[in-house]
Structure formats: structure tokens, C-alpha cells
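Chains as they are written, first to last, in the working numbering: chain A, 1 to 417; chain B, 1001 to 1239. All C-beta atoms in this analysis are idealised placements derived from N, C-alpha and C, irrespective of residue type, glycine included. A short worksheet on the structure shown next.
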């Protein structure tokens, strides 16, 4: 195949741009709750986000990347003309990137996941024919977009109710908060490690047995819980704040837990959203290198590293301002609420990443917040805005499709064939 | 709280998906508490007002009346502000209607204070000397009721925190019981003052007597409204 270097460079540049956009924009939604609740400062949040977005992308981003790379289009339809798929994937990247840029300028709630899936399906239908799309797989993906906010909502409902019954309604909430906080940390860390190890680690070349997975996850959970316990026990009682609001110290205990969920959320976000940037890149590179479509080799680690790096650069350049602004506005989400919502969202997203489902982090988080609301945890949720966010996923798909078709013809005209 | 507060620049306003933060409607709790606080301070001024009335110090009565009207306006503004931030699209643990009714009852405390002080100042009314002591005690007991109502409303943020159940709900229930007892006191005092007035009414100008009954009635409504705040809180707790 000719011109493979051009394709690879273009894919890497577009993919890096996309990852940068995700880092600059989307990470804020994942991290802002932790800053809004005062659990982390901006600087700490940036550090946490950088580390965990990166590890999430590299350790657990493989499955979703595979789905984006070759799960949507039935590769037997492009065997004769591999360039078509290269143009298509580049067009999809450009479409999603443009959409992301436009939407963030206008303040529209869009999902990069929905736009990239819409873009890939769009160009495939128009250029390769309607049969070229793996419809059962696309159906599963669309179903996961409905299921993920629901699942996060239900989990958040139960987590918040457990906090409610174990701690908040008791006469001695502070004593109980300090007692149960390490348990919550243990469960959080163990579950997320388990899903990651079962589903994601083979992309890094680490293969552990089931028993080893459980042992490592439990041990890791226990260690983090002990560290958390050390911090939780040392939180002083702020008499002045307690007079104004009797649950001030309880909330501060949950502030420690929110650090854990912030890490989980960044990890989850990295594991799922990195695929939107590098899934198409992986497709382009594997075709350009081998000239063969649909090669079954796993996503190579350096592409995952590229995606992770792009997200971190995005964070470092624009992300800090966005996180700061969003964080200062989310004060309504106090640590008990933020913890419930973020933990539910993070778990749902990591689970989806493990099963290779590209879902929307934002939609999942909104679903989780609604779950806390149904448990009477939120003082006021504006359903108009919630409606607008969910409607956006319907709008995003045809918009991504139309853009990618346009870019597809543009690229085929411009690029050497 | 974070040590370094964010810098809002125009660029960040543009380049962001801040819609997540927009799904949180403004909490009605703080404004309701502020409103109750203004209504209580308004009612408290009524003690000073009547002290000056009894001393027939009309300059000071007028000054006190101005403070009452100002506080009533403050409460009115807070009421309007809160109403405007409670669109029907909000999803809240306490129904919007219950909050608006609570707000209305709170507001009536300030309204009654304004009405009674306006009446007394406008007609330059005097309290018959034999009743003065009991009347002042009656006013201040009504203000006590408003104060207890404010104390209950101050627990509203804790109630939201705990989902209106458990230990905190019990605490508010006991506050409401205390509030009811104070209101019972005001009823007993009101009956006694009316009897006192009845016993001397034939010696007083009839029109003055009619308005004195009106003043007693309006003042007593402060306690009634405070009690009704308790009722509204019980409704909120029962959801």
C-alpha cells in the first residue's frame, strides 16, 4: 500500500487532537464534582486526573478501542479497497473533533462517544452500503447508551440509601461515618480493580489467573482502605461549621471518599473515552501497516499511550480552566451525594469499558445524579437541562454521520489514493 | 474548600461543557431560611414598637415602624426571588407546592406585623394602662413563637441532608411541639387580655375599643402563623 506514512501521520495527528479535546473538555465533567465539593484543590485534581486518566486509558482502554476499531463495520465489505476504511476512519475522527469543538464553543451537551459511533456508522452506510454495518453490534452499543445511565442511576440510588441508613439517620452520624468510610473505600477499590483485571489487562500483556485477580484486588482494596482510614480518623471536628450545619464533619469524612471516587472516575473516563480518539487511529494504522483489513491483533500499547498522553496534554492546557469553572458551579453536590453518584458512574463506566461498550461518561454521571435525586438526596434538579442532555444524544448521531460523510468525500478528493 | 478559586475568563466560558453544573437548580433551602429570618426580625421589632407606644414616644414609634416596613420589604423581596427560582421543571425531594405554601405562611408573619404597627401608628392608639403589662407579655410571647419557628426552619438544611428521616426528623418534631406549646400560651394570654379589655371597655371610646380588639387579634395571628409553619414542616416530614 502506498502513502501509508501520510495516513499514519494524519491518523496520529487527528487522534491526538481528539484526545486533546477530550482531555480539555470531557474530563471536567468527571472531575468537577470532586472540586465542587471541596474534596480536592484544582492542582490536586489535575494531578489525579492526569495519573488516572492515563492509567485508565492504557490499562483498561483496550476493549472499547477494539470495538471502535473493528466492531462496527463488517470488514469483509472493504477487503478490496482498504483506503475506503482509512478515509472513513479519518473522516470520523475529523467529524467528531469538529463536533466537539463546535459543541464546546456553543455550550451544547454532546457526547464524543455518540458522535464517533454516529460518524463511523454514517460513512459506512453511505460509502460501503447498509449491509456493511454490523447492526447487531451497533444495536448492542445503542442499548448500552440506554442501559448505562439507568444502571448508574439504580446503583447510585442504592449507594446513597446505604449511606442514608447506615449513617445519616442515626443519632451518631459522625462516629458511624468514620466507621463505615474505610468499608466504602474497600468495596470501591476492590470492585474497580476486579473489573479492570478481568477485562482490560490482557492488552498490557499481563495475564493473571482468576484467583490471582481476586487476591490482588482484595489486597489492593484493603491497603487503600487502611490508608483512607488513617485520614478519616484524623479529620478534626470543626465546631464552628458544626453549629451552622450539624453534618459538616460527616461531609468532610466523605470528602476523603470523594478523593477515591475522583480517582475512579478519572480512571473510568480514561478507560472508555480514550477509544473515541484512538479507536479510529488504531484502525487506520493496522490497515496502513499491513494493507489488510480487520486484522485480529490486539490494539498495540503505544497507541493507547498516545491516547493517554493526548488526554493529559488536553488537561494541562485547557482542562484546568474548564475544571475550575465547572467545579465552582457544582457546589450542590456535597460529598455524600457526590460520592454516591461518582462511585455509581465510575463502576458502570469501568464495567462498560470491560465489556467493550463505548458509552457516554456524561450521560452515565447524569443518570447517577438522578438516582441520588430519586433517593431524595438532591435539593433541586433541573429536569429541563437533564432532558436537553439526553436529547443531545439523538441529535449527535446524525450530526456526526453527516459531518463524517462530508469529510469522507473531502478526504478522498484531497488525499492521494 | 479549594485553596485557589477558579479564574473565570471569557475563554473558559466558551470552551467548556459546563452543562453538568447546570442540572443543579438553585437550592431553595437558604432563601427560605433567609426569608424566615427576615420575618422573625420583623416580628421582634414589634416589641420595641409597643414599648414606645406605651411610653407615648411617637418619634421612636415612627422610627420603629420604618424598621418594620423595611424588614417586611426585605422579606417580600426574598419571597419574590425564591418564587422566581422555583420553576416547575425542578425535581425536588419536597414538592414545590409545599415550599411555596411554607413561604406564604412565613410571609404572613411579617405582613401581620406591618398591619398591626400601621394600624397603631395611624390611629395613634394607646394601650389602657391596666392592660399594658399583660399586653407586652402577649406580644413578646407571639415573638417567641416566631423565634421557635425560625429555629425549626434553621433545621431545614439538616432535614434535606438526612432525607427528612431519622434522628434529625425527630429533633424537628420536638421543636414543632415546643412551638405548639408557645402558641397555646399565646391563646391563653389572648383570652385573658380580651377579658381585661371587656371589663374596661365601657369606660373607653367605643371606636378605640373596636380597634384594640383588632390589634389583639392581629398580634395573636403572629403566633397562629408560627404554629402553621410547624404544620407545614410536619407535612414536609410526612412525605
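Check whether chain B comes within 8 Å of residue i, counting only Cβ atoms and requiring the distance to be less than that.
i, result
"residue 14(A)", "no"
"residue 64(A)", "no"
"residue 379(A)", "yes"
"residue 168(A)", "yes"
"residue 326(A)", "yes"
"residue 171(A)", "yes"
"residue 276(A)", "no"
"residue 376(A)", "yes"
"residue 272(A)", "no"
"residue 405(A)", "no"
"residue 313(A)", "no"
When the Cα of residue i is compared with those of the options, which residue comes out closest?
i, options, result
"residue 101(A)", "88(A), 89(A), 90(A) and 115(A)", "115(A)"
"residue 93(A)", "279(A), 161(A), 184(A) and 222(A)", "279(A)"
"residue 1178(B)", "1158(B), 1192(B), 1120(B) and 1148(B)", "1148(B)"
"residue 250(A)", "209(A), 239(A), 187(A) and 177(A)", "177(A)"
"residue 1207(B)", "1028(B), 1123(B), 1029(B) and 1051(B)", "1123(B)"
"residue 1226(B)", "1113(B), 1079(B) and 1092(B)", "1113(B)"
"residue 135(A)", "168(A), 73(A), 173(A) and 257(A)", "73(A)"
"residue 1221(B)", "1069(B), 1187(B) and 1027(B)", "1187(B)"
"residue 185(A)", "65(A), 223(A) and 388(A)", "223(A)"
"residue 310(A)", "44(A), 33(A), 57(A) and 5(A)", "57(A)"
"residue 259(A)", "17(A), 12(A), 45(A) and 22(A)", "45(A)"
Under 8 Å between the Cβ atoms of residue i and residue j?
i, j, result
"residue 404(A)", "residue 108(A)", "no"
"residue 954(B)", "residue 1235(B)", "Residue 954(B) lies beyond the residue range present for chain B, which begins at 1001 and ends at 1239; the question has no answer from this structure."
"residue 1082(B)", "residue 1032(B)", "yes"
"residue 407(A)", "residue 91(A)", "yes"
"residue 1183(B)", "residue 1145(B)", "yes"
"residue 133(A)", "residue 121(A)", "yes"
"residue 364(A)", "residue 379(A)", "no"
"residue 1163(B)", "residue 376(A)", "yes"
"residue 195(A)", "residue 351(A)", "yes"
"residue 148(A)", "residue 359(A)", "yes"
"residue 1021(B)", "residue 8(A)", "no"
"residue 1068(B)", "residue 1049(B)", "yes"
"residue 25(A)", "residue 322(A)", "yes"
"residue 1101(B)", "residue 1194(B)", "no"
"residue 64(A)", "residue 269(A)", "no"
"residue 1215(B)", "residue 1120(B)", "yes"
"residue 265(A)", "residue 346(A)", "yes"
Can you pull the chain A residues whose beta carbon is under 8 Å from the beta carbon of residue i, in chain order?
i, result
"residue 1095(B)", "Here the premise fails: no neighbours, minimum Cβ distance about 12 Å."
"residue 1158(B)", "245, 246 and 247"
"residue 1027(B)", "332, 379 and 380"
Are any of the Cβ atoms in chain A nearer than 8 Å to that of residue i?
i, result
"residue 1221(B)", "no"
"residue 1024(B)", "yes"
"residue 1005(B)", "Legend: pLDDT at residue 1005(B) = 36, less than 50; position of this residue unreliable, value from coordinates given subsequently. Answer yes: the Cβ-Cβ gap between residue 1005(B) and chain A drops below 8 Å somewhere."
"residue 1089(B)", "yes"
"residue 1040(B)", "no"
"residue 1141(B)", "no"
"residue 1195(B)", "no"
"residue 1161(B)", "yes"
"residue 1001(B)", "Only weak support exists for where residue 1001(B) lies, its pLDDT of 32 falling under 50; the value from the coordinates is given anyway. So yes, residue 1001(B) belongs to the interface."
"residue 1206(B)", "no"
"residue 1092(B)", "yes"
"residue 1009(B)", "Confidence at residue 1009(B) is low in this model, with a pLDDT of 41, below 50, so its placement is unreliable and no value can be given for it."
"residue 1232(B)", "no"
"residue 1235(B)", "no"
Give the residues of chain B in contact with residue i, contact being defined as C-beta atoms less than 7 Å apart.
i, result
"residue 141(A)", "Here the premise fails: no neighbours, minimum Cβ distance about 22 Å."
"residue 373(A)", "1091"
What residues of chain B sit near residue i, judged by a beta carbon separation below 9 Å?
i, result
"residue 235(A)", "By Cβ distance, chain B contributes nothing, its closest Cβ being about 15 Å from residue 235(A), past 9 Å."
"residue 363(A)", "Under the 9 Å cutoff, chain B gives no residues; its nearest Cβ is about 11 Å from residue 363(A)."
Output, in chain order, the set of chain B residues within a Cβ distance shorter than 8 Å of residue i.
i, result
"residue 366(A)", "1020 and 1023"
"residue 98(A)", "Here the premise fails: no neighbours, minimum Cβ distance about 14 Å."
"residue 428(A)", "No answer is possible for residue 428(A): the residues shown for chain A start at 1 and end at 417."
"residue 359(A)", "Those within 8 Å of residue 359(A) in chain B number zero; the least Cβ separation is about 16 Å."
Please list, in chain order, the chain A residues whose beta carbon lies closer than 7 Å to that of residue i.
i, result
"residue 1166(B)", "168, 169 and 170"
Taking Cβ positions only, does residue i come closer than 8 Å to chain E?
i, result
"residue 164(A)", "The displayed structure is made up of protein chains A and B, and chain E is not among them."
Three-pair Cβ contact test at 8 Å for the region 393–402 of chain A versus the region 1029–1048 of chain B: A contact is defined here as three or more CB-CB pairs under 8 Å, and the region 393–402 of chain A fails this definition with respect to the region 1029–1048 of chain B.
Contact between the region 1050–1066 of chain B and the region 54–71 of chain A (3+ Cβ pairs under 8 Å): Segment contact: the region 1050–1066 of chain B against the region 54–71 of chain A, fewer than three CB-CB distances shorter than 8 Å; contact not assigned.
Three CB pairs or more closer than 8 Å across the region 315–332 of chain A and the region 32–51 of chain A: Remark: three or more beta-carbon pairs, one from each stretch, lie closer than 8 Å, so the region 315–332 of chain A and the region 32–51 of chain A are flagged as touching.
At least 3 beta-carbon pairs within less than 8 Å: the region 142–156 of chain A vs the region 1146–1166 of chain B: Under the 8 Å Cβ criterion, the region 142–156 of chain A does not count as touching the region 1146–1166 of chain B, having fewer than three qualifying pairs.
Inter-stretch contact at 8 Å, needing at least 3 Cβ pairs: the region 281–289 of chain A / the region 243–257 of chain A: Flag = no, the region 281–289 of chain A and the region 243–257 of chain A do not touch.
Segment contact, 8 Å Cβ cut-off, at least three pairs: the region 298–313 of chain A with the region 268–277 of chain A: Look at the beta carbons and you see the region 298–313 of chain A touching the region 268–277 of chain A: at least three pairs across the two are nearer than 8 Å.
Cβ contact check for the region 336–346 of chain A and the region 122–131 of chain A: 3 or more pairs under 8 Å: Verdict: no, contact absent.
The region 254–267 of chain A touching the region 37–44 of chain A, judged by at least three CB pairs closer than 8 Å: The answer is yes - the region 37–44 of chain A touches the region 254–267 of chain A, with three or more Cβ pairs under 8 Å.
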